[in-house]
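In this note's numbering, the protein residues as written are 199 to 568.
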(Lines of atoms letter the chains of each structure in order from A; the text may use other names.)
(Lines give C-alpha, C1' and ligand atoms only; values in the text may rest on other atoms or scores of the structure.)
Protein backbone atom coordinates (compact mmCIF):
# COMPACT_ATOMS: atom_id res chain seq x y z
CA UNK A 199 0.00 0.00 0.00
CA UNK A 200 2.92 2.35 0.77
CA UNK A 201 4.45 1.84 -2.67
CA UNK A 202 1.10 2.29 -4.39
CA UNK A 203 0.61 5.57 -2.50
CA UNK A 204 4.07 6.76 -3.56
CA UNK A 205 3.25 5.86 -7.15
CA UNK A 206 0.07 7.95 -7.01
CA UNK A 207 1.89 10.92 -5.47
CA UNK A 208 4.74 10.82 -8.02
CA UNK A 209 2.31 10.41 -10.94
CA UNK A 210 -0.02 13.21 -9.83
CA UNK A 211 2.90 15.62 -9.35
CA UNK A 212 4.38 14.87 -12.76
CA UNK A 213 1.06 14.93 -14.59
CA UNK A 214 0.11 18.15 -12.83
CA UNK A 215 3.36 19.82 -13.90
CA UNK A 216 2.85 18.81 -17.54
CA UNK A 217 -0.83 19.80 -17.53
CA UNK A 218 -0.48 23.17 -15.80
CA UNK A 219 2.39 24.18 -18.06
CA UNK A 220 0.80 22.60 -21.18
CA UNK A 221 4.02 20.74 -21.96
CA UNK A 222 3.90 18.44 -24.98
CA UNK A 223 6.94 16.21 -24.64
CA UNK A 224 9.17 15.14 -27.50
CA UNK A 225 8.17 11.93 -29.30
CA UNK A 226 11.27 10.09 -28.09
CA UNK A 227 11.08 11.23 -24.45
CA UNK A 228 9.96 7.73 -23.43
CA UNK A 229 13.65 6.87 -23.92
CA UNK A 230 14.05 8.16 -20.35
CA UNK A 231 11.78 5.33 -19.16
CA UNK A 232 13.75 2.84 -21.29
CA UNK A 233 17.05 4.04 -19.85
CA UNK A 234 15.96 4.05 -16.20
CA UNK A 235 14.26 0.69 -16.68
CA UNK A 236 17.34 -1.08 -17.99
CA UNK A 237 19.49 0.61 -15.33
CA UNK A 238 17.08 -0.59 -12.65
CA UNK A 239 16.35 -4.14 -13.78
CA UNK A 240 19.50 -4.82 -15.79
CA UNK A 241 22.52 -2.95 -14.47
CA UNK A 242 21.91 -2.36 -10.75
CA UNK A 243 20.11 -5.64 -10.12
CA UNK A 244 22.84 -7.72 -11.74
CA UNK A 245 25.73 -5.84 -10.14
CA UNK A 246 24.41 -5.55 -6.57
CA UNK A 247 22.40 -8.78 -6.56
CA UNK A 248 18.71 -9.61 -5.91
CA UNK A 249 19.01 -9.74 -2.11
CA UNK A 250 20.15 -6.12 -2.01
CA UNK A 251 18.06 -4.83 -4.87
CA UNK A 252 14.59 -6.32 -4.39
CA UNK A 253 14.11 -4.23 -1.27
CA UNK A 254 13.07 -0.61 -0.85
CA UNK A 255 15.67 0.83 -3.22
CA UNK A 256 14.66 -1.27 -6.20
CA UNK A 257 10.96 -0.74 -5.64
CA UNK A 258 11.25 3.05 -5.35
CA UNK A 259 13.25 3.21 -8.58
CA UNK A 260 10.57 1.06 -10.22
CA UNK A 261 7.80 3.32 -8.94
CA UNK A 262 9.62 6.39 -10.24
CA UNK A 263 9.98 4.82 -13.67
CA UNK A 264 6.31 3.80 -13.74
CA UNK A 265 5.27 7.33 -12.73
CA UNK A 266 7.37 8.76 -15.57
CA UNK A 267 5.68 6.34 -17.97
CA UNK A 268 2.24 7.46 -16.78
CA UNK A 269 3.04 11.18 -17.02
CA UNK A 270 4.60 10.87 -20.49
CA UNK A 271 1.60 8.86 -21.67
CA UNK A 272 -0.63 11.63 -20.35
CA UNK A 273 1.30 14.19 -22.39
CA UNK A 274 0.78 12.13 -25.55
CA UNK A 275 -2.96 11.93 -24.81
CA UNK A 276 -3.06 15.66 -24.06
CA UNK A 277 -1.50 16.34 -27.47
CA UNK A 278 -4.11 14.09 -29.09
CA UNK A 279 -7.14 15.72 -27.45
CA UNK A 280 -5.75 19.21 -28.07
CA UNK A 281 -5.24 18.35 -31.75
CA UNK A 282 -1.45 18.67 -31.54
CA UNK A 283 -0.60 14.97 -31.95
CA UNK A 284 -0.14 14.94 -35.72
CA UNK A 285 1.96 18.08 -35.66
CA UNK A 286 4.26 16.93 -32.84
CA UNK A 287 4.51 13.16 -33.27
CA UNK A 288 3.44 12.13 -36.77
CA UNK A 289 3.99 14.78 -39.42
CA UNK A 290 7.72 14.15 -40.06
CA UNK A 291 8.41 10.57 -41.27
CA UNK A 292 11.81 10.18 -39.57
CA UNK A 293 10.57 11.55 -36.25
CA UNK A 294 7.72 9.01 -36.41
CA UNK A 295 10.20 6.23 -35.61
CA UNK A 296 10.60 7.80 -32.14
CA UNK A 297 7.29 6.19 -31.20
CA UNK A 298 9.31 3.01 -30.81
CA UNK A 299 10.35 4.34 -27.40
CA UNK A 300 6.66 4.11 -26.43
CA UNK A 301 6.67 0.37 -27.15
CA UNK A 302 10.07 -0.31 -25.55
CA UNK A 303 9.24 1.90 -22.55
CA UNK A 304 5.96 0.06 -22.01
CA UNK A 305 7.77 -3.27 -22.29
CA UNK A 306 10.25 -2.37 -19.57
CA UNK A 307 7.40 -1.16 -17.33
CA UNK A 308 5.60 -4.49 -17.75
CA UNK A 309 8.81 -6.33 -16.85
CA UNK A 310 9.41 -4.09 -13.82
CA UNK A 311 5.90 -4.70 -12.48
CA UNK A 312 6.29 -8.46 -12.94
CA UNK A 313 9.72 -8.57 -11.30
CA UNK A 314 9.22 -6.08 -8.46
CA UNK A 315 5.50 -6.40 -7.69
CA UNK A 316 4.52 -9.97 -8.53
CA UNK A 317 1.16 -9.53 -6.79
CA UNK A 318 0.21 -7.30 -9.75
CA UNK A 319 1.07 -9.92 -12.36
CA UNK A 320 -2.37 -9.48 -13.95
CA UNK A 321 -1.57 -5.83 -14.66
CA UNK A 322 1.72 -6.91 -16.25
CA UNK A 323 -0.19 -9.31 -18.50
CA UNK A 324 -2.72 -6.61 -19.49
CA UNK A 325 0.15 -4.26 -20.30
CA UNK A 326 1.66 -7.01 -22.47
CA UNK A 327 -1.54 -7.37 -24.53
CA UNK A 328 -1.85 -3.61 -24.86
CA UNK A 329 1.78 -3.27 -25.88
CA UNK A 330 1.49 -5.94 -28.54
CA UNK A 331 -1.33 -3.92 -30.13
CA UNK A 332 0.72 -0.73 -29.81
CA UNK A 333 3.66 -2.47 -31.50
CA UNK A 334 1.48 -3.57 -34.43
CA UNK A 335 0.32 0.03 -34.97
CA UNK A 336 3.88 1.31 -34.65
CA UNK A 337 5.28 -1.16 -37.18
CA UNK A 338 2.52 -0.27 -39.65
CA UNK A 339 3.42 3.43 -39.25
CA UNK A 340 7.11 2.64 -39.70
CA UNK A 341 6.53 0.69 -42.90
CA UNK A 342 4.71 3.74 -44.26
CA UNK A 343 7.50 5.99 -42.93
CA UNK A 344 10.16 3.95 -44.77
CA UNK A 345 8.14 4.44 -47.95
CA UNK A 346 7.74 8.18 -47.27
CA UNK A 347 11.50 8.50 -46.67
CA UNK A 348 12.24 6.80 -49.99
CA UNK A 349 9.60 8.76 -51.90
CA UNK A 350 10.55 12.09 -50.33
CA UNK A 351 14.28 11.51 -50.83
CA UNK A 352 14.91 11.93 -47.12
CA UNK A 353 17.60 9.24 -46.86
CA UNK A 354 20.25 11.96 -46.40
CA UNK A 355 18.64 12.75 -43.03
CA UNK A 356 18.27 9.25 -41.57
CA UNK A 357 19.98 8.28 -38.31
CA UNK A 358 19.86 5.77 -35.49
CA UNK A 359 16.23 6.51 -34.65
CA UNK A 360 15.27 4.06 -37.42
CA UNK A 361 16.74 1.26 -35.30
CA UNK A 362 13.95 1.71 -32.77
CA UNK A 363 12.02 -0.66 -35.04
CA UNK A 364 14.46 -3.37 -33.91
CA UNK A 365 14.56 -2.24 -30.28
CA UNK A 366 10.76 -2.16 -29.97
CA UNK A 367 10.36 -5.56 -31.63
CA UNK A 368 12.94 -7.27 -29.42
CA UNK A 369 11.46 -5.57 -26.35
CA UNK A 370 8.22 -7.42 -27.08
CA UNK A 371 10.17 -10.70 -26.97
CA UNK A 372 11.68 -9.76 -23.60
CA UNK A 373 8.26 -8.76 -22.23
CA UNK A 374 6.31 -11.84 -23.29
CA UNK A 375 9.18 -14.18 -22.37
CA UNK A 376 9.19 -12.68 -18.87
CA UNK A 377 5.46 -12.38 -18.20
CA UNK A 378 4.28 -15.50 -20.07
CA UNK A 379 6.42 -18.55 -19.38
CA UNK A 380 5.14 -20.85 -22.13
CA UNK A 381 5.55 -18.96 -25.39
CA UNK A 382 6.04 -21.05 -28.56
CA UNK A 383 9.69 -20.82 -29.61
CA UNK A 384 8.58 -20.22 -33.20
CA UNK A 385 6.88 -17.00 -32.10
CA UNK A 386 10.08 -15.77 -30.46
CA UNK A 387 12.12 -16.65 -33.54
CA UNK A 388 9.61 -14.83 -35.76
CA UNK A 389 9.85 -11.62 -33.72
CA UNK A 390 13.64 -11.79 -33.41
CA UNK A 391 14.00 -12.43 -37.15
CA UNK A 392 11.74 -9.50 -37.94
CA UNK A 393 13.81 -7.29 -35.62
CA UNK A 394 17.01 -8.40 -37.36
CA UNK A 395 15.44 -7.57 -40.75
CA UNK A 396 14.64 -4.06 -39.55
CA UNK A 397 18.20 -3.78 -38.25
CA UNK A 398 19.71 -4.70 -41.62
CA UNK A 399 17.47 -2.26 -43.51
CA UNK A 400 18.01 0.63 -41.06
CA UNK A 401 21.77 0.09 -40.83
CA UNK A 402 22.04 0.02 -44.61
CA UNK A 403 20.26 3.39 -44.87
CA UNK A 404 22.41 4.93 -42.12
CA UNK A 405 25.71 3.73 -43.60
CA UNK A 406 24.59 4.82 -47.05
CA UNK A 407 23.89 8.32 -45.73
CA UNK A 408 27.36 8.78 -44.28
CA UNK A 409 29.13 7.17 -47.24
CA UNK A 410 27.33 8.99 -50.06
CA UNK A 411 26.51 12.39 -48.55
CA UNK A 412 29.58 14.61 -48.14
CA UNK A 413 27.79 17.03 -45.79
CA UNK A 414 27.05 14.16 -43.39
CA UNK A 415 30.78 13.70 -42.78
CA UNK A 416 30.92 16.86 -40.67
CA UNK A 417 31.09 14.71 -37.58
CA UNK A 418 30.63 17.48 -35.00
CA UNK A 419 27.24 18.54 -36.42
CA UNK A 420 25.93 15.63 -38.51
CA UNK A 421 26.62 12.65 -36.27
CA UNK A 422 23.43 11.99 -34.28
CA UNK A 423 23.25 10.84 -30.66
CA UNK A 424 20.83 8.10 -31.72
CA UNK A 425 23.51 6.38 -33.79
CA UNK A 426 24.61 4.62 -30.61
CA UNK A 427 21.49 2.47 -31.10
CA UNK A 428 23.56 0.68 -33.74
CA UNK A 429 25.07 -1.37 -30.90
CA UNK A 430 22.10 -1.06 -28.54
CA UNK A 431 19.82 -2.78 -31.07
CA UNK A 432 22.30 -5.65 -31.38
CA UNK A 433 22.56 -5.94 -27.61
CA UNK A 434 18.80 -6.16 -27.11
CA UNK A 435 18.62 -8.70 -29.95
CA UNK A 436 21.18 -10.83 -28.15
CA UNK A 437 19.40 -10.40 -24.82
CA UNK A 438 16.06 -11.35 -26.39
CA UNK A 439 17.67 -14.45 -27.94
CA UNK A 440 19.19 -15.35 -24.56
CA UNK A 441 16.06 -14.85 -22.46
CA UNK A 442 13.72 -16.59 -24.91
CA UNK A 443 16.21 -19.42 -25.64
CA UNK A 444 15.64 -18.77 -29.34
CA UNK A 445 19.37 -19.06 -30.09
CA UNK A 446 22.07 -21.46 -28.96
CA UNK A 447 24.84 -20.44 -26.61
CA UNK A 448 27.23 -20.14 -29.54
CA UNK A 449 24.67 -18.06 -31.46
CA UNK A 450 24.33 -15.66 -28.52
CA UNK A 451 28.13 -15.41 -28.33
CA UNK A 452 28.31 -14.46 -32.01
CA UNK A 453 25.74 -11.69 -31.42
CA UNK A 454 27.74 -10.47 -28.42
CA UNK A 455 30.95 -10.29 -30.47
CA UNK A 456 29.14 -8.31 -33.19
CA UNK A 457 27.64 -5.98 -30.57
CA UNK A 458 31.07 -5.46 -28.96
CA UNK A 459 32.71 -4.63 -32.31
CA UNK A 460 29.95 -2.17 -33.22
CA UNK A 461 30.05 -0.71 -29.69
CA UNK A 462 33.80 -0.07 -29.96
CA UNK A 463 33.47 1.43 -33.46
CA UNK A 464 30.58 3.74 -32.63
CA UNK A 465 32.02 4.93 -29.33
CA UNK A 466 35.39 5.72 -30.92
CA UNK A 467 33.48 7.91 -33.38
CA UNK A 468 31.67 9.47 -30.41
CA UNK A 469 35.00 10.29 -28.72
CA UNK A 470 36.30 11.84 -31.93
CA UNK A 471 33.07 13.85 -32.20
CA UNK A 472 33.46 14.97 -28.58
CA UNK A 473 36.93 16.33 -29.29
CA UNK A 474 35.74 18.10 -32.44
CA UNK A 475 32.79 19.73 -30.63
CA UNK A 476 35.03 20.90 -27.80
CA UNK A 477 37.36 22.58 -30.29
CA UNK A 478 34.52 24.13 -32.30
CA UNK A 479 32.03 25.17 -29.59
CA UNK A 480 33.75 24.97 -26.22
CA UNK A 481 32.64 23.08 -23.11
CA UNK A 482 29.23 24.69 -22.47
CA UNK A 483 27.83 24.77 -26.02
CA UNK A 484 29.71 21.73 -27.21
CA UNK A 485 28.86 19.23 -24.48
CA UNK A 486 26.79 20.66 -21.63
CA UNK A 487 23.56 20.94 -23.60
CA UNK A 488 20.50 18.76 -23.14
CA UNK A 489 18.77 16.76 -25.83
CA UNK A 490 16.30 13.95 -25.22
CA UNK A 491 18.22 11.75 -27.67
CA UNK A 492 21.09 11.59 -25.15
CA UNK A 493 19.04 9.12 -23.11
CA UNK A 494 19.48 6.65 -25.95
CA UNK A 495 23.18 6.50 -24.99
CA UNK A 496 22.30 5.61 -21.39
CA UNK A 497 19.91 2.93 -22.65
CA UNK A 498 22.39 1.40 -25.09
CA UNK A 499 25.22 1.34 -22.54
CA UNK A 500 22.89 -0.27 -20.02
CA UNK A 501 21.67 -2.80 -22.56
CA UNK A 502 25.21 -3.79 -23.61
CA UNK A 503 26.19 -4.13 -19.93
CA UNK A 504 23.15 -6.32 -19.18
CA UNK A 505 23.74 -8.48 -22.24
CA UNK A 506 27.40 -8.87 -21.30
CA UNK A 507 26.55 -9.75 -17.70
CA UNK A 508 24.02 -12.44 -18.62
CA UNK A 509 26.14 -13.99 -21.36
CA UNK A 510 28.59 -16.60 -20.12
CA UNK A 511 31.37 -17.24 -22.63
CA UNK A 512 33.35 -20.47 -22.50
CA UNK A 513 36.54 -18.94 -23.87
CA UNK A 514 38.94 -17.64 -21.23
CA UNK A 515 39.85 -14.54 -23.25
CA UNK A 516 36.20 -13.45 -23.60
CA UNK A 517 35.55 -14.25 -19.94
CA UNK A 518 38.28 -11.78 -18.94
CA UNK A 519 36.83 -9.07 -21.20
CA UNK A 520 33.40 -9.75 -19.72
CA UNK A 521 34.72 -9.35 -16.17
CA UNK A 522 36.45 -6.08 -17.08
CA UNK A 523 33.25 -4.68 -18.64
CA UNK A 524 31.18 -5.68 -15.61
CA UNK A 525 33.55 -4.19 -13.04
CA UNK A 526 34.29 -0.91 -14.84
CA UNK A 527 31.07 -0.46 -16.82
CA UNK A 528 28.86 0.01 -13.78
CA UNK A 529 30.61 3.25 -12.78
CA UNK A 530 30.65 4.58 -16.34
CA UNK A 531 26.92 4.01 -16.66
CA UNK A 532 26.12 5.57 -13.28
CA UNK A 533 28.22 8.61 -14.23
CA UNK A 534 26.28 8.93 -17.51
CA UNK A 535 22.98 8.77 -15.59
CA UNK A 536 24.09 11.50 -13.17
CA UNK A 537 25.19 13.76 -16.04
CA UNK A 538 21.89 13.27 -17.85
CA UNK A 539 19.89 14.00 -14.69
CA UNK A 540 21.88 17.20 -14.20
CA UNK A 541 21.36 18.34 -17.80
CA UNK A 542 17.71 17.32 -17.80
CA UNK A 543 16.99 19.11 -14.50
CA UNK A 544 18.63 22.29 -15.79
CA UNK A 545 16.56 22.03 -18.96
CA UNK A 546 13.28 21.61 -17.04
CA UNK A 547 14.09 24.57 -14.79
CA UNK A 548 14.78 26.68 -17.88
CA UNK A 549 11.45 25.63 -19.42
CA UNK A 550 9.62 26.58 -16.23
CA UNK A 551 11.29 30.00 -16.19
CA UNK A 552 10.45 30.54 -19.86
CA UNK A 553 6.83 29.62 -19.18
CA UNK A 554 6.67 32.07 -16.27
CA UNK A 555 8.11 34.85 -18.45
CA UNK A 556 5.61 34.11 -21.21
CA UNK A 557 2.72 34.30 -18.80
CA UNK A 558 3.93 37.65 -17.52
CA UNK A 559 4.18 39.05 -21.05
CA UNK A 560 1.15 37.28 -22.53
CA UNK A 561 -1.15 35.43 -20.06
CA UNK A 562 -2.81 33.49 -22.92
CA UNK A 563 0.45 31.96 -24.21
CA UNK A 564 0.63 28.38 -22.87
CA UNK A 565 2.16 26.11 -25.52
CA UNK A 566 5.53 24.45 -25.22
CA UNK A 567 7.21 21.26 -26.34
CA UNK A 568 10.01 19.30 -24.72
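The beta-carbon is built from N, C-alpha and C at its ideal position, and this holds for glycine as well.
Query, Result
"Of the choices 450, 422, 417, whose alpha-carbon is the least far from that of residue 432?", "450"
"Distance check for residue 340 and residue 287, CA to CA, integer angstroms please.", "13 Å"
"Just the Cα atoms here: how many angstroms apart are residue 533 and residue 422?", "21 Å"
"In the structure shown, what three-state DSSP assignment does residue 221 receive?", "strand"
"Counting only the same chain and skipping the five closest in sequence on each side, list residues whose C-beta sits under 6 Å from that of residue 386.", "371, 442, 444"
"Below 8 Å CB to CB, which residues in the same chain sit around residue 530 once its five sequence neighbours on both sides are set aside?", "499"
"What span of residues does the alpha helix (DSSP H) with residue 281 cover, start to end?", "That residue, residue 281, is in no alpha helix (DSSP H); it is neither H nor E in DSSP."
"I think residue 496 touches residue 302, with their Cβ atoms under 8 Å apart; what is that distance to the nearest whole Å?", "That pair is no contact at about 13 Å."
"Report back the beta-carbon spacing between residue 369 and residue 305 to the nearest angstrom; my notes put them in contact at under 8 Å.", "4 Å"
"For residue 452, tell me which candidate among 254, 511, 362, 465 has the shortest Cα-Cα distance.", "511"
"Given residue 517, which residues of its chain have a CB within under 6 Å of its CB, disregarding the five upstream and five downstream residues?", "511"
"Please check if any C-beta of chain C sits within less than 7 Å of the C-beta of residue 274.", "Protein chains in the displayed structure number just one, and chain C is not present."
"Mapping the DSSP letters down to three states, classify residue 549 as helix, strand or coil.", "helix"
"In three-state terms, what does DSSP make of residue 205?", "helix"
"Contact between the stretch 330–350 and the stretch 251–270 is defined here as three or more beta-carbon pairs at a separation below 8 Å; is this criterion met?", "no"
"In this structure, how does DSSP classify residue 522 when only helix, strand and coil are distinguished?", "helix"
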